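**Student:** FYI, the numbering for the sequence shown is 46 to 125, going by our numbering. Here a beta-carbon is modelled for each residue, glycine too, at the ideal position from N, C-alpha and C. Please read these numbers as outputs of a predicted model, since none were measured by experiment. I'd like to ask you about the structure that follows.
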Amino acid sequence: MTRVKDGKAIERILALDARGLHETILNESISMCGFGPAVTMLTAANKLGAQKAELVQYATSGDTSGDREKVVGYAGIAIV
Numbered sequence: 046m047t048r049v050k051d052g053k054a055i056e057r058i059l060a061l062d063a064r065g066l067h068e069t070i071l072n073e074s075i076s077m078c079g080f081g082p083a084v085t086m087l088t089a090a091n092k093l094g095a096q097k098a099e100l101v102q103y104a105t106s107g108d109t110s111g112d113r114e115k116v117v118g119y120a121g122i123a124i125v
């Protein structure tokens, strides 16, 4: 479930879609640390002429601990 929900948020970030990220987080009840700053960053990136976003890496805490019961996802995304 974590990967599915994270994927929806990541998709909006990769599309440089600040409004879409905001709506997705709220509509899908996604828990995301740094939600406000991420929306702000996307808004600023668009105003500054960002052309694309690239997923550098995605993993969950379960990938390292092996505990798949309660996991947190992490995404590294470059905006250029």
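Rounded to the nearest angstrom, what separates Ser76 and Val116 at their Cα positions?
**Tutor:** Taking the first residue of the sequence shown as position 1, residue 76 is located at position 31. Taking the first residue of the sequence shown as position 1, residue 116 is located at position 71. Approximately 12 Å between the Cα atoms of the pair.
**Student:** With distances taken from CA atoms, which of Leu59, Tyr119 and Gly107 is nearest Glu99?
**Tutor:** The sequence position of residue 99 within the sequence shown is 54, counting from 1. Out of Leu59, Tyr119 and Gly107, Leu59 has the C-alpha closest to the C-alpha of Glu99.
**Student:** Excluding the five sequence neighbours on either side, which residues of its own chain have a C-beta within less than 8 Å of the C-beta of Ala104, listed in chain order?
**Tutor:** Translated into positions along the sequence shown, residue 104 becomes position 59. Excluding positions up to five away in sequence, the list reads Gly118 and Tyr119.
**Student:** Rounded to whole angstroms, what's the CA-CA distance from Val49 to Ala95? Just pull it up for me.
**Tutor:** As a first step, residue 49 must be located in the sequence shown, where it is residue number 4. As a first step, residue 95 must be located in the sequence shown, where it is residue number 50. Distance between the alpha carbons of Val49 and Ala95: 26 Å.
**Student:** Identify the continuous beta strand (DSSP E) that holds Val101 and give its terminal residues.
**Tutor:** In the sequence shown, the residue the question calls residue 101 occupies position 56. Its beta strand (DSSP E) spans residues Ala98 to Thr105.
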